[in-house]
Every structure is written in C-alpha cells, then in structure tokens.
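In this note's numbering, the protein residues as written are 517 to 834.
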C-alpha cells in the first residue's frame, strides 16, 4: 500500500558548473527532476510510503529516471512506451544581476500521450490515502488535461484526499489558458497550494496572502488553501482558522525544487497525523533544507528536519 500517489513528468536535468554558461561549458551535470517525483521523494524520505506514476520511453534515459526516483524509496508505477522521448531541461544558474535561466526541451515527451487507462487506477486508489499532481501536468498537452481531470475524479470516487499545486510555468501556457483549465480542476481538489505570485498573475487575486488563502478556500470549497510567499513563509486557511508560518534561514546553493520540498513535507506531515500548524512548520523547514542541496531532489532525513525546526525562524511564527 502507498499512502501517497503522485502523477507527472520527470525529465533529465542538465546543468553546467556554477558560474559557467551553457554555450561555453565543457561538461554538464546529469540528474533526474520533476515536480511530482520530487514531492514523492521528499515525502518518502520523511517516512511516507509513496508511489510515483508516469509514462516514460523504454530507453536508458527513462530507466535512469526510474533508478533515481526509486533510490529514494519511492515505488514507481510506469507506463513504458516505445514512442515519444524523454523530456530534458537545461538550467544555467547565476547570481544577480544575471540570474538563473531554464531552457526546456520536452516536446513530444512520452508522457504527453498518457491516459488514465494505462494505469491500474482502481487498485492504486483503492489502497491509498492521498493523491498529488500539479499544474505543470495539464499544461503539457490537451491529452494530459483530460488525464489529470480523470485521475482527480477517480481519486474523489475512492475518497482519496487530493492535493494540487498550481505550479505555473509561463513557458508552458498563458495565464488565461491556465485559469480556464485550473478552474475546472479545482472542483476536484481538497488541498490547494499556490505561490502568491501565481495567485495574483494567474488566478487574478489581490490582497494579503491570508485574504487570498481564505477567499480561495471559500470559493472552491477546499479543505485547506496554502499560499506560499517565498522568503516570507506560507499561509494556510482551513474552515476554522488561518495560520502563518515564517521561513527558516538558509544559505542557498540551489533553489530549484524548494516548493516541491515544502509540499512533499507538508503532505508527509499530514499523513503522519500532525496538525496543520506543525505541517506548515515541517514544510518550511524542509524547503529551507532543500536550498542547501544541489539538484531538484530533497535528500533528507526526519532527524535533519527536526534540527532545523528547533532553530529560530525569521520573523513571527504565529
């Protein structure tokens, strides 16, 4: 039995050494990376029995992704394909004023044709507690929009708690297209996660994060709405209260995957029976820890997160 099932694309991440440019680098770091597998890995590392569903090309690259995810204790549920390719992305990291840039090469990836019928959904959802996917998945293809809705609908049928992160990517779709699709999906969601900037730019929300979280929870009849604020922490709105969690200090080596670390840790904490307040704190601590790690994946232990939580967080932890 897997307590948590996630669904989404995992790509190959290629990056030059820190400070070098893609056009001049002589070597590239090679890793697997994907929002939904990142969440599964974080949850697994913190004690959750997690499963990651995806569709991959039956190739060395596809098998490499499975190897990397499985190495962190995640059970892969893969639809292997003779068609399609492995998506890749290149990331060039740099400090201010250059900043970090990402180049995607994911057209015609195998997962873009995935249907819910390719997976043993009844068996999987009949024996799980939570399902997670993100807004990246339906943005990849019209077929994946249908598949995402189908999986969320089936999860609802089985009484599985559904978690969804808006995770907006401007290189995949426009705010207008995203809003139309996401609004349709929200009726299937129990716990919604959205960055404040995405709430403003995609969901057309204004005001403080606390107000945005309350409005989203009420409008879409959510169990919980989480609004993340980067260096300012996160907010959670439930039917009874609104909670705020400040961020923990971190020296940033690699920020990619920080949001996934927060979500994976929050879900793991909820599945362990912790309160929303404690889950927010665990999420914030894990997000800070991730920023110290190279790559997208959060390779961490529960003891390490407890040590972070014992430190003083920046700002007010209410």
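Using N, Cα and C, we set each Cβ at its ideal position, and we do this for glycine too.
Among the options, the one whose alpha carbon lies nearest that of residue i
i: residue 557; options: 693, 798, 520, 619; result: 520
i: residue 626; options: 643, 653, 606, 642; result: 653
i: residue 523; options: 578, 594, 818, 611; result: 594
i: residue 728; options: 811, 703, 760, 704; result: 760
i: residue 739; options: 745, 730, 696, 746; result: 730
i: residue 586; options: 698, 714, 661, 526; result: 526
i: residue 618; options: 608, 612, 534; result: 608
i: residue 807; options: 564, 732, 772; result: 772
i: residue 555; options: 822, 538, 775; result: 775
i: residue 713; options: 796, 704, 691; result: 691
i: residue 850; options: 809, 811, 821; result: Because the chain here runs from 517 to 834, residue 850 falls outside it and cannot be looked at.
Residue i classed as buried or exposed, judged by whether at least 16 other C-beta atoms fall within 10 angstroms
i: residue 831; result: With a pLDDT of only 45 at residue 831, under 50, the local geometry of the prediction cannot be trusted, and no value is derived from it.
i: residue 826; result: exposed
i: residue 757; result: exposed
i: residue 819; result: exposed
i: residue 755; result: exposed
i: residue 747; result: exposed
i: residue 583; result: exposed
i: residue 798; result: buried
i: residue 764; result: buried
i: residue 518; result: buried
Within 8 Å, strictly: CB atoms of residue i and residue j
i: residue 622; j: residue 604; result: yes
i: residue 815; j: residue 672; result: no
i: residue 680; j: residue 642; result: no
i: residue 562; j: residue 750; result: no
i: residue 664; j: residue 701; result: yes
i: residue 551; j: residue 559; result: no
i: residue 766; j: residue 744; result: no
i: residue 501; j: residue 597; result: With the chain covering 517 to 834 only, the question about residue 501 has no answer from this structure.
i: residue 600; j: residue 628; result: yes
i: residue 779; j: residue 709; result: yes
i: residue 682; j: residue 698; result: yes
i: residue 721; j: residue 753; result: no
i: residue 640; j: residue 602; result: no
Beta-bridge pairing of residue i - partner residues as DSSP gives them
i: residue 529; result: 547, 605
i: residue 591; result: 567
i: residue 760; result: 751
i: residue 708; result: 680, 741
i: residue 689; result: Residue 689 is not bridged to any residue.
i: residue 476; result: The requested residue 476 does not occur in the structure, where the chain is confined to residues 517 to 834.
Checklist entry - So, do the segment 627-647 and the segment 665-683 have three or more beta carbon pairs nearer to each other than 8 Å? => result Enough Cβ pairs lie closer than 8 Å, so yes.
Checklist entry - Any chance the segment 530-540 sits against the segment 679-693, with 3 or more Cβ pairs inside 8 Å? => result The segment 530-540 makes no contact with the segment 679-693; the number of CB pairs closer than 8 Å stays below 3.
Checklist entry - Using 8 Å as the Cβ pair cut-off and three pairs as the minimum, do the segment 546-553 and the segment 782-790 touch? => result With the cut-off at 8 Å, the segment 546-553 and the segment 782-790 do not touch.
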